[in-house]
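Number of protein chains: 2
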Amino acid sequence: MTERPRIRNIADLAKIAGVSPGTVSRALSGAGLISQKTRERIQALAREHEFRPNIMARNLRIQRTGAIGVLIPLGHETGQHISDPFFITMLGLLADALTERGYDLVLSRVIPTDDDWLDRYADSGRVDGIIVIGQSDQSAVLDRVAARYRPLVVWGGHSRGQVHCSVGSDNIAGGDIATSHLIERGCKRIAFFGDPTPLEIAQRLEGCRNALARADMPDALSTFPAHLAAGVSDSGIADYLEAADELPDGIVAASDVIAMSALRALAELGRAVPGQVKVIGYDGLALGEHTVPRLTTVKQDLNTGARNLVDLLLRRIAGEDTSSVVMMPELVVRLST
Amino acid sequence: MTERPRIRNIADLAKIAGVSPGTVSRALSGAGLISQKTRERIQALAREHEFRPNIMARNLRIQRTGAIGVLIPLGHETGQHISDPFFITMLGLLADALTERGYDLVLSRVIPTDDDWLDRYADSGRVDGIIVIGQSDQSAVLDRVAARYRPLVVWGGHSRGQVHCSVGSDNIAGGDIATSHLIERGCKRIAFFGDPTPLEIAQRLEGCRNALARADMPDALSTFPAHLAAGVSDSGIADYLEAADELPDGIVAASDVIAMSALRALAELGRAVPGQVKVIGYDGLALGEHTVPRLTTVKQDLNTGARNLVDLLLRRIAGEDTSSVVMMPELVVRLST
DNA sequence: ACACCTATCGCAATCGATTGCAATTGCAAG
DNA sequence: CTTGCAATTGCAATCGATTGCGATAGGTGT
């Protein structure tokens with residue numbers, strides 16, 4: 000029993016209902032001034048005709064898009080894929096948190112070739128706010144844009160004096176925790192695997208150094224700039240381990256993915272983990288449960304992290320001023336140390 | 000030297016430039032009928048004032064959003080996260096392919112509680128087209144909506160007589176390839192790990208049976224409905240392997256993630272891979288390179304898959320009629336078999 | 001029965017860019 | 001110098017929903 004004249008807009012529905020477009024709008028949208036009776040009548044009519052008001056028109060009038068942009072800058076390493084498990088995990092959590100609050104999530108990977116990728120996005124008018132996952136090496140850009148564009152929050156490390164609002168875990172503490180754990184386990188020669196170009200990684204390395212200094216063994220550290228991307232630096236890790244005249248007995252990996260590569264390289268070299276070499280990861284991703292052996296790691300609580308990001312962003316959209324959040328990472332001991 | 004009167008819309012710019020709003024529109028957007036001179040003059044003016052036309056207004060007038068919805072139905076298992084590496088990989092590739100074609104990607108996870116989740120999304124007017132990743136157990140819904148909503152493509156298996164347009168690999172052939180490989184390697188007792196509720200998995204299992212039948216060993220198969228989600232069925236896999244009176248000597252995993260769980264469970268049981276048990280995965284994800292031992296797998300070419308999805312969708316948006324695409328999976332032999 | 005108040009509803013402007021059609025300008029040919 | 005044609009530009013309607021303000025209805029109190 001579909002009526003011939005298809006209802007394309009609010010005006011058509013108004014004609015059928017015998018009221019004005021304005022009334023239909025009030026009936027369908029807000030809790031405007033309208034009688035209970037007509038509201039229900041019109042809503043029923045809309046349901047019957049499968050009519051839904053045009054969102055683009057609404058957006059134009061309301062001056063908001065109902066969407067949040069999630070940007071993943073891949074600055075420091077060209078080969079990196081979004082496929083990094085860390086991003087994916089975070090993305091899923093953000094998707095849930097945003098959906099709950101009634102926002103869409105529009106995803107963009109950006110390779111910052113020029114300096115105004117973020118400006119362009121902020122001014123594009125496509126989104127009501129922006130979440131950037133990972134500072135990469137773009138701290139300067141983030142600070143500059145944050146100074147003029149309010150609805151912007153960033154996942155990543157916090158550094159003194161930064162302008163932008165960030166949510167992240169204490170990477171220095173995390174690096175410290177990881178390293179201290181290895182020291183407690185008796186490691187004497189510790190290697191840090193990770194490219195310290197991104198701020199977060201540099202901070203983890205700093206924490207690592209702190210722990211060693213505190214234990215009075217500042218010279219026990221060697222470093223290898225393994226890429227974060229899965230697969231990119233695998234051969235590099237293997238080569239490094241093979242070439243080392245003295246194999247480290249403890250490896251602090253800058254991410255779980257790097258730790259995984261290290262585990263495999265060690266297995267192929269015939270080194271026992273944790274017998275000869277202990278390995279600790281960083282992130283606390285689910286995949287750490289599936290490695291052989293299961294990966295000890297420093298866990299960031301990404302769930303509350305994602306919720307914080309969304310919460311802060313929405314408050315900023317509402318005009319509030321918010322300050323950064325630093326969460327404490329947590330040691331998860333499994334079988335690799 | 001920013002002018003005091005901020006340029007908020009095309010009319011303001013027009014006033015400054017001394018032309019009509021229409022002319023400004025033509026200068027900034029399409030290659031409409033306009034002289035080279037004025038176009039450049041206006042574009043320069045726009046740049047100088049950092050003016051960008053309002054996208055929502057444009058969308059309303061043009062009647063398109065410039066966005067594609069990517070939906071991930073999580074029907075068959077409640078606990079599943081978007082964090083599944085397969086989704087992430089696909090998502091990244093789609094993000095790239097869509098960006099290249101000038102579209103935004105809006106991401107939604109859906110838990111199909113009711114039957115019209117897809118209808119609601121299609122009619123929401125938020126996107127110009129929809130890509131659904133994975134049929135889950137929602138084939139009926141997909142077919143019903145596809146019958147009336149054209150711009151819809153689905154990643155997943157193809158079944159005879161389906162209404163919706165899909166892109167995917169030949170899961171039956173894939174299951175066959177995996178199983179045949181194990182048979183060639185001399186396996187006599189083969190176990191299939193995976194919950195066959197989703198169509199894709201059921202097809203892989205079917206291929207598995209085909210290969211066994213062809214080899215005249217139809218009774219060599221046992222099955223265990225491991226969940227796709229990382230971590231969910233780990234203990235299950237371990238229990239199953241422990242309880243089995245006769246350990247299989249070949250495992251066909253329905254995904255790389257499941258294979259990873261199996262590898263770890265076997266390691267903890269002290270079984271040698273590939274010595275005592277051979278394991279083959281499915282998907283060809285990057286993480287298969289990092290397992291111990293490196294995972295033999297059936298690889299789906301997700302890159303061209305993603306490009307196909309986008310290509311078909313855009314052609315459907317343009318009004319074309321497209322038929323489904325089935326790609327051939329490929330055996331990648333590494334060290335686990 | 002009359003005035004008054006309020007809950008609803010209609011009117012019309014508005015958001016900002018696009019585009020068909022008409023008008024104008026410019027140029028060249030006759 | 002005039003006419004004709006084509007290249008540009010201006011005008012105004014349009015996309016569809018929202019909302020402030022004014023109008024009308026209904027109901028209440030005296």
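From first to last, the protein sequence lines are chains A and B.
Take the first sequence: its letter number 320 is residue 319 in numbering that gives the first Met the number 0, and every next letter is one higher.
Take the second sequence: its letter number 54 is residue 53 in numbering that gives the first Met the number 0, and every next letter is one higher.
All residues carry an ideal CB built from backbone N, CA and C; glycine is no exception.
Review point. How would you label Thr-355 of chain A, buried or exposed, when you count the other beta carbons within 10 angstroms and need 16 or more for buried?
Key: The question about residue 355 of chain A has no answer here: the residues shown for chain A are numbered 0 through 336.
Review point. Is the beta carbon of Ile-236 of chain A sitting closer than 7 Å to the one on Ser-254 of chain A?
Key: It is not a contact, given that the beta carbons lie outside the stated cut-off.
Exercise for review: Could you tell me which chain B residues have their CB closer than 7 Å to the CB of Asn-58 of chain A, listed as they occur along the chain?
Suggested key: Result: Met-55.
Exercise for review: Take Gly-68 of chain A as the anchor and find which of A:Glu-183, A:Leu-294, A:Ala-121, A:Pro-52 has the nearest alpha-carbon.
Suggested key: Proximity to Gly-68 of chain A across A:Glu-183, A:Leu-294, A:Ala-121, A:Pro-52 peaks at A:Ala-121, based on C-alpha coordinates.
Review point. Which two residues bound the contiguous alpha helix (DSSP H) that contains Thr-295 of chain A?
Key: No alpha helix (DSSP H) holds Thr-295 of chain A; the beta strand (DSSP E) holding it covers 295-298.
Review point. Near Asn-53 of chain B, which residues of its chain fall below 7 Å by C-beta distance, leaving aside the five closest residues on each side in sequence?
Key: Once the five neighbours on either side are set aside, the close Cβ partners of Asn-53 of chain B are Asn-8.
Check your understanding: What is the C-beta distance between Arg-315 of chain B and Gly-249 of chain B, in whole angstroms, given that I count them as a contact (C-beta under 8 Å)?
Key -> Actually they do not touch by this definition, with Cβ atoms about 42 Å apart.
Check your understanding: So, is Ala-242 of chain A buried or exposed, given that buried needs 16 or more other C-beta atoms within 10 angstroms?
Key -> Taking every protein chain shown into account, the CB of Ala-242 of chain A has fewer than 16 other CB atoms within 10 angstroms, so this residue is exposed.
Check your understanding: If contact means a Cβ-Cβ distance below 9 Å, which residues of the stretch 164-191 of chain B contact chain A?
Key -> From the stretch 164-191 of chain B, no residue has a Cβ closer than 9 Å to chain A.
Practice item. State yes or no: is the C-beta of Gly-174 of chain A within less than 7 Å of the C-beta of Gly-155 of chain A? Key: Gly-174 of chain A places its beta carbon 7 Å or farther from that of Gly-155 of chain A.
Check your understanding: DSSP state of Glu-47 of chain A, grouped into three classes?
Key -> Secondary structure at Glu-47 of chain A: helix, using DSSP grouped into helix, strand and coil.
Review point. In chain A, which residues lie less than 9 Å from Ile-130 of chain B when you measure between Cβ atoms?
Key: Neighbours of Ile-130 of chain B on chain A: none; closest Cβ ~12 Å, over 9 Å.
Check your understanding: Would Leu-106 of chain B count as contacting chain A if we go by Cβ distances under 7 Å?
Key -> Yes, because at least one Cβ of chain A sits closer than 7 Å to the Cβ of Leu-106 of chain B.
Practice item. Could you have a look at Ala-146 of chain A and say whether DSSP puts it in helix, strand or coil? Key: Here Ala-146 of chain A sits in coil by DSSP.
Check your understanding: Ends of the alpha helix (DSSP H) at Thr-98 of chain B?
Key -> Segment 84-99, the alpha helix (DSSP H) holding Thr-98 of chain B.
Review point. Taking DSSP as the reference, what is the three-state secondary structure of Leu-284 of chain B?
Key: Looking at Leu-284 of chain B - three-state DSSP - the assignment turns out to be coil, as it is neither helix nor strand.
Review point. According to the neighbour-count rule (16 or more other Cβ atoms, all chains shown, within 10 Å of its Cβ), is Gly-318 of chain A buried or exposed?
Key: Flag for Gly-318 of chain A reads exposed.
Review point. Within the 7 Å Cβ cut-off, does Arg-333 of chain A reach chain B?
Key: Closer than 7 Å: no.
Point to revise | Residue closest to Leu-265 of chain A, alpha-carbon to alpha-carbon, out of A:Arg-143, A:Glu-288, A:Gly-206, A:Pro-292 | key: Among A:Arg-143, A:Glu-288, A:Gly-206, A:Pro-292, the Cα nearest to that of Leu-265 of chain A is on A:Pro-292.
Review point. Could you give the residue range of the alpha helix (DSSP H) that holds Ile-33 of chain A?
Key: First-last for Ile-33 of chain A: undefined, no H or E at that position.
Practice item. Measure the alpha-carbon distance for Glu-205 of chain A versus Arg-159 of chain A and round it to whole angstroms. Key: Cα to Cα, the separation comes out at about 15 Å.
Practice item. List the residues of chain B that Leu-262 of chain A touches, going by C-beta distances under 8 Å, in chain order. Key: Near Leu-262 of chain A (Cβ distances below 8 Å), the residues of chain B are His-289, Val-291.
Review point. So, does the CB of Gly-280 of chain B fall closer than 7 Å to a CB anywhere in chain A?
Key: No, because no Cβ of chain A sits closer than 7 Å to the Cβ of Gly-280 of chain B.
Exercise for review: Would you grab the beta carbon distance between Leu-330 of chain B and Val-276 of chain B for me? Rounded to a whole angstrom, and I think it's under 8 Å.
Suggested key: In fact, because the Cβ distance is near 18 Å, the residues do not count as touching under 8 Å.
Point to revise | Delimiting residues of the alpha helix (DSSP H) encompassing Ile-54 of chain B | key: From DSSP, the alpha helix (DSSP H) with Ile-54 of chain B extends over 54-61.
Exercise for review: Check whether the stretch 10-19 of chain A touches the stretch 31-48 of chain A, counting contact only when three or more Cβ pairs, one atom from each stretch, lie closer than 8 Å.
Suggested key: Between the stretch 10-19 of chain A and the stretch 31-48 of chain A, the count of Cβ pairs shorter than 8 Å is three or higher; the stretches touch.
Exercise for review: Measure the alpha-carbon distance for Ala-214 of chain B versus Gly-287 of chain B and round it to whole angstroms.
Suggested key: Going by the C-alpha atoms only, they are around 28 Å apart.
**Study point:** Segment limits, beta strand (DSSP E) that includes Ser-107 of chain B
**Key:** Unbroken beta strand (DSSP E) run through Ser-107 of chain B: 103-109.
Check your understanding: Where Ala-10 of chain A and Pro-20 of chain A are concerned, what is the direct C-alpha to C-alpha distance, given to the nearest angstrom?
Key -> Distance between Ala-10 of chain A and Pro-20 of chain A, taken at the CA atoms: about 5 Å.
Exercise for review: Within the same chain, show all residues whose beta-carbon is closer than 7 Å to that of Ala-201 of chain A, passing over the 5 residues directly before and after it, in chain order.
Suggested key: Closer than 7 Å at the Cβ level, and outside the excluded window around Ala-201 of chain A, lie Pro-195.
Check your understanding: What three-state label does DSSP hand Met-327 of chain B in the structure shown?
Key -> Judged by DSSP in its simplified three-state form, Met-327 of chain B adopts coil rather than helix or strand.
Practice item. Within 10 angstroms of the Cβ of Val-332 of chain B, are there 16 or more other Cβ atoms? Answer buried if so, exposed if not. Key: So Val-332 of chain B ends up on the exposed side.
Practice item. Just mark Glu-199 of chain B as buried or exposed, buried being the case when its beta carbon has 16 or more other beta carbons within 10 Å. Key: Residue environment: Glu-199 of chain B is assigned as buried (16 or more neighbouring CB atoms within 10 Å of its CB, all protein chains considered).
Check your understanding: Taking Arg-147 of chain B as the reference, which of B:Tyr-281, B:Cys-164, B:Gly-133 has the closest Cα?
Key -> The option with the nearest alpha carbon to Arg-147 of chain B is B:Cys-164.
Review point. Quick one: is Gly-283 of chain B buried, meaning 16 or more other Cβ sit within 10 Å of its Cβ, or exposed?
Key: Flag for Gly-283 of chain B reads buried.
Practice item. Closer than 8 Å, Cβ to Cβ, to anything on chain A: give me those residues from the stretch 92-123 of chain B, in chain order. Key: Only those residues of the stretch 92-123 of chain B whose C-beta falls short of 8 Å from the nearest C-beta of chain A are listed: Ala-94, Asp-95, Thr-98, Asp-103, Leu-104, Val-105, Leu-106, Ser-107, Arg-108, Asp-122, Ser-123.
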